[in-house]
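This report refers to the structure that appears directly beneath it.
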Amino acid sequence: MLADFQCRSCESRNGDLVLDLGEQPLANNILAPEDLAKPEPRFPLRLAVCTDCWLLQITDLVPPVELFSDYVYFSSYSETWVAHTAACAARYLREFAPKHVVEIASNDGCLLRHFAKAGVSHLGIEPAENVAAVARENGVRTHAQFFTERVAKGLANKKRADLILANNVFAHAPDINDFVAGLRQLLTADGCAILEFPHALEMFAQGEFDTIYHEHVFY
Numbered sequence: 734m735l736a737d738f739q740c741r742s743c744e745s746r747n748g749d750l751v752l753d754l755g756e757q758p759l760a761n762n763i764l765a766p767e768d769l770a771k772p773e774p775r776f777p778l779r780l781a782v783c784t785d786c787w788l789l790q791i792t793d794l795v796p797p798v799e800l801f802s803d804y805v806y807f808s809s810y811s812e813t814w815v816a817h818t819a820a821c822a823a824r825y826l827r828e829f830a831p832k833h834v835v836e837i838a839s840n841d842g843c844l845l846r847h848f849a850k851a852g853v854s855h856l857g858i859e860p861a862e863n864v865a866a867v868a869r870e871n872g873v874r875t876h877a878q879f880f881t882e883r884v885a886k887g888l889a890n891k892k893r894a895d896l897i898l899a900n901n902v903f904a905h906a907p908d909i910n911d912f913v914a915g916l917r918q919l920l921t922a923d924g925c926a927i928l929e930f931p932h933a934l935e936m937f938a939q940g941e942f943d944t945i946y947h948e949h950v951f952y
């Protein structure tokens, strides 16, 4: 039994430690040359499992300002991801013919730009202001904020989405129940929400322990 454990979903106090990677620097915190000799902030990185609902989760959260104040990952840097988003957008436009699309953690607008080009009403929700600014420059409507139920209610009062996209973000939301509640608030009654996230069994089968990092709360 893991002391001081509380599941971030079911709130159970019953948890077991799965992996302890000690204290690690932030994965996406790229140092400038002048900072190489300075002490780098490190944070505990431990993976635990709730023995009641079996949700895998890290035990220690890093403050969001540490993770997203100057985010260095841009979706458009990855050729495979660019190709993936183009294929997904074409499929979603064909199968759903959406009237209003909201993407959570929309990054630099790599996916939403296809809907913008098709003339579809859209909105990106991206917590990193520096990344959101690039999306806006590319013609993608983007709000720089974290997605929460409160934010979703505010958006829903103006316009609900009949298609919500959330790629590689669901497992990053520290309050997973609030995230789902936000989806419910924002989605139209006959709408569709599409979420992409890694699968823990595949991670264990392939020994991909290096995919465990502070930004990724759930597995």
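Residue numbers (my numbering): 734 to 952. Backbone N, C-alpha and C fix where the C-beta goes; we use that ideal spot for every residue, glycine too. Computed from a predicted model, the values in this text were never measured in an experiment.
Query raised in the report: In this structure, does DSSP put Ile909 in helix, strand or coil?
Result: In the sequence shown, counting from the first residue as 1, residue 909 sits at position 176. Ile909: helix per DSSP, three-state reduction.
Query raised in the report: What does a CB cutoff of less than 6 Å around Ala861 pick up in its chain, not counting 5 residues either side in sequence?
Result: Counted from its first residue, the sequence shown places residue 861 at position 128. Only Phe801 and Tyr804 meet the Cβ criterion.
Report task. Decide if the stretch 843-857 is in contact with the stretch 786-798; the criterion is three or more beta carbon pairs, one per stretch, under 8 Å apart. Result -> no
Report task. To the nearest angstrom, report how far apart Ile763 and Leu916 are at their CA atoms. Result -> For the purposes of this step, residue 763 is identified with residue 30 of the sequence shown, where counting begins at 1. For the purposes of this step, residue 916 is identified with residue 183 of the sequence shown, where counting begins at 1. About 32 Å.
Requested in this report: Please state if the CB of Phe930 and the CB of Asn910 are separated by a distance shorter than 9 Å.
Outcome: Translated into the one-based positions of the sequence shown, residue 910 becomes position 177. Translated into the one-based positions of the sequence shown, residue 930 becomes position 197. Not a contact, by the Cβ cut-off of 9 Å.
Query raised in the report: Going by Cα to Cα distance, which pick from Ala865, Phe848, Phe776 and Pro907 is closest to Ser808?
Result: In the sequence shown, counting from the first residue as 1, residue 808 sits at position 75. If we check each option's Cα against that of Ser808, Ala865 comes out closest.
Query raised in the report: For the 8 Å Cβ check, are there 3 or more pairs between the stretch 740-756 and the stretch 777-796?
Result: yes
Report task. Report yes or no: do the stretch 821-840 and the stretch 889-899 share at least 3 C-beta pairs separated by less than 8 Å? Result -> yes
Query raised in the report: Would you report the Cα separation of Thr784 and Gly748, rounded to the nearest angstrom?
Result: Taking the first residue of the sequence shown as position 1, residue 784 is located at position 51. Taking the first residue of the sequence shown as position 1, residue 748 is located at position 15. Rounded to the nearest angstrom, the two C-alpha atoms are 5 Å apart.
Query raised in the report: What's the gap between the Cα of Leu778 and the Cα of Tyr952?
Result: Within the sequence shown, the letter at position 45 stands for residue 778. Within the sequence shown, the letter at position 219 stands for residue 952. Computed Cα separation, rounded: 13 Å.
Report task. Kindly give me the distance between the Cβ atoms of Val815 and Val782, rounded to whole angstroms, as I take these residues to be in contact under 8 Å. Result -> Working through the sequence shown from its first residue, we reach residue 815 at position 82. Working through the sequence shown from its first residue, we reach residue 782 at position 49. So it is not a contact: roughly 35 Å between Cβ atoms.
Query raised in the report: If you draw a straight line from the alpha carbon of Arg827 to that of Ala851, how long is it in whole angstroms?
Result: By one-based count along the sequence shown, residue 827 stands at place 94. By one-based count along the sequence shown, residue 851 stands at place 118. So the alpha carbons of these two residues sit roughly 11 Å apart.
Query - Val950 (DSSP reduced to helix, strand or coil) - result: Position 217 of the sequence shown holds residue 950. Val950: coil per DSSP, three-state reduction.
**Report entry** Beta-ladder partner(s) of Asp753, from DSSP
**Finding:** The residue labelled residue 753 in the question sits at position 20 within the sequence shown. Partner(s): Arg779.
Report task. Quickly, what does DSSP pair Asn762 with across the bridge? List them, please. Result -> On the sequence shown, position 29 is the one that residue 762 refers to. Answer by DSSP bridge pairing: none, since Asn762 is not bridged.
Requested in this report: Could you name each continuous alpha helix (DSSP H) segment of 4 residues or more that falls completely within the stretch 835-877, going from the start of the chain to the end?
Outcome: Taking only runs of at least 4 residues, the alpha helix (DSSP H) segments lying wholly in the stretch 835-877 are 845-850 and 862-870.
Report task. Spell out the partners DSSP gives Ala885 in its beta bridges. Result -> On the sequence shown, residue 885 is found 152 positions in, with the first residue counted as 1. None, per the DSSP bridge assignment.
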